[in-house]
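Student: After the structure tokens below, expect a handful of questions from me.
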Amino acid sequence: MSAGFADIDWARPWLASIEARGRRWQTAALAGHGDYLASLNEDAAAAGHVTGRGKRLAFIAQDELPAGASYEGHIAQTGRVPTRHNLHDFFNAAMWFAYPRIKAALNARQAGQIDALGIGPTRGGVRDALTLFDENAVFFACADASLGDALRGFCWRTLFIDERAAWGTRCEARVFGHALLEKLVAPYKACTGHAWIVDVPARYFALDDVARRAVLDEIVSERIRGEPLESRAFAPLPVLGVPGWWDANASPDFYDDASVFRPGRRARGC
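Anchor point for the sequence shown: position 229 equals 276 in this note's numbering, and the numbering is continuous, going up by one each time.
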């Protein structure tokens, strides 16, 4: 069963950072779950990344997760990430390589919450926010505070039309959430991420892709470890509105759809 792997379009700009490794994994996944896990573990052994409590990263089949064990707790304690043969877990694994510090920091906080509060019928506010981050976050790297303010304020015309030239020079978006990446295999206009605004220096935009990811990995992982985290810290970002990510958004009329680019209560100052 291919589980949709054949449908990945590597020409999509939001996949550029993971394309090289992703193509190899895609080929392995199409051959079967065993080949796929072997490919993941070959890369994990070479990279030497660790999970939330310093255990070497590895990948196992979902059915190897012991009965009664929590997913995040198992990863923190053993380093082994239970992985199904589907797109959701494919993109989760990709983020362990694209942003290893961030994934480890998220895992450490999740495991800490589980240690403190146990596993109940609900996750609680902190775990909900951590899960939302892991599943649906988009990094909005910004060297101009006014652009971050425009995003927070639902000022879509400012962000996407008036300041269109700022994209790639003073701001950019990078999809992190693996559930969001799964949705974007079949993109639709209303597809919306939870933007996490990251202040970066102007020199960030002179760096190559690898260096930019390293900067974000360091800054964001430190924030996750040290800051209170709650769901309202995010700003909604309709991802197909990002300039260069969808042909139709070259027309300003694209942003007139209020069902997607909602004004919000904070848009009065735009």
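Just so it is clear, CB atoms sit at the ideal spot from N, CA and C, and this is done for glycine as well. This one's a predicted model, so the numbers in the text were calculated from it and none came from an experiment.
(1) Tell me, which residues are paired with A63 by DSSP?
(2) Expressed to the nearest angstrom, what Euclidean distance is found between the alpha-carbon atoms of Y235 and L287?
(3) For E219, write down the residues that DSSP places opposite it in a beta bridge.
(4) Touching or not, the region 224-244 and the region 179-191, by the rule of three or more beta carbon pairs under 8 Å?
(5) Can you give the Cα-Cα distance for D303 and A108, rounded to whole angstroms?
(6) Report the rounded CA-to-CA distance for P60 versus H225, giving the unit in angstroms.
(7) Going by other Cβ atoms of all chains shown within 10 Å of its Cβ, with 16 needed for buried, is L228 buried or exposed?
(8) Determine the extent of the beta strand (DSSP E) in which P129 is found, giving its start and end residues.
(9) Just checking, does the region 199-219 make contact with the region 123-135 on the three C-beta pairs under 8 Å criterion?
(10) In its own chain, which residues sit with a C-beta less than 8 Å from the C-beta of A141, not counting the 5 before and 5 after it?
(11) Can you tell me whether T178 is helix, strand or coil according to DSSP?
(12) Determine the contact status of E210 and L194, defining contact as a CB-CB distance below 8 Å.
(13) What are the start and end residues of the alpha helix (DSSP H) that includes P147?
(14) Buried or exposed for V222, please, with buried defined as at least 16 other CB atoms from any protein chain shown within 10 angstroms of its CB.
(15) Identify, in the order they occur along the chain, each residue of the same chain with its Cβ nearer than 6 Å to the Cβ of L87, setting aside the five sequence neighbours on each side.
(16) Can you tell me whether T98 is buried or exposed? The criterion is at least 16 other CB atoms within 10 Å of its CB, across all chains shown.
(17) State buried or exposed for M48, treating a residue as buried only when at least 16 other CB atoms are found within 10 Å of its CB.
(18) Apart from the five residues just before and just after E277, which ones in its own chain have a Cβ nearer than 8 Å to its Cβ?
Tutor: This is what the structure gives:
(1) DSSP lists no partner for A63.
(2) 8 Å
(3) A188
(4) yes
(5) 45 Å
(6) 15 Å
(7) buried
(8) R127 to T130
(9) no
(10) I65, R68, G69, W72, H225 and L228
(11) helix
(12) yes
(13) P147 to L164
(14) buried
(15) F106 and A140
(16) buried
(17) With a pLDDT of only 39 at M48, under 50, the local geometry of the prediction cannot be trusted, and no value is derived from it.
(18) G172, V173 and A176
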